[in-house]
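Residue numbers (my numbering): 49 to 131. Backbone N, C-alpha and C fix where the C-beta goes; we use that ideal spot for every residue, glycine too.
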Amino acid sequence: MIDIRRVFTHVEHIHHEFGPRAATPLVRGAIGAVLTNPFAGRYEPDILPMMTLLDPVGVDMAHRLHAAMGVPLEQIATYGKGA
């Protein structure tokens with residue numbers, strides 16, 4: 049089981065940056081999560097089983113960020129992820 053310790057979101061509405069003012073602000077968001085590491089302090093030769101447990105966490109984070117941004121899915125132009 050994955051133990052989520054905290055989740056943080058950041059949403060910004062960019063009305064103007066350098067060029068002319070946008071008719072509709074650009075909405076940009078980010079989300080992150082801090083998880084308990086069950087392997088902390090020891091060597092684990094195979095972490096792949098745990099990686100599959102992270103799939104629902106990623107889906108949940110995507111839904112949370114979408115809700116925080118408050119825009120239709122059709123307006124989301126790009127996304128990325130990192131670890």
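For the pair residue 49 and residue 96, the Cα-to-Cα distance works out to about 14 Å. Annotated as distal: residue 90 and residue 55, with beta-carbon spacing of 8 Å or more. The bridge partners DSSP lists for residue 52 are 83. Secondary structure note for residue 115: its alpha helix (DSSP H) is the uninterrupted segment 103-117.
Annotated as proximal: residue 59 and residue 77, with beta-carbon spacing under 8 Å.
By the neighbour-count criterion, in which a residue is buried when 16 or more other Cβ atoms sit within 10 angstroms of its Cβ, residue 117 is buried. Within the same chain, and ignoring the five residues on either side of residue 74 in sequence, the residues whose Cβ sits closer than 7 Å to its Cβ are 62. Collapsing the DSSP output to three states places residue 57 in a strand.
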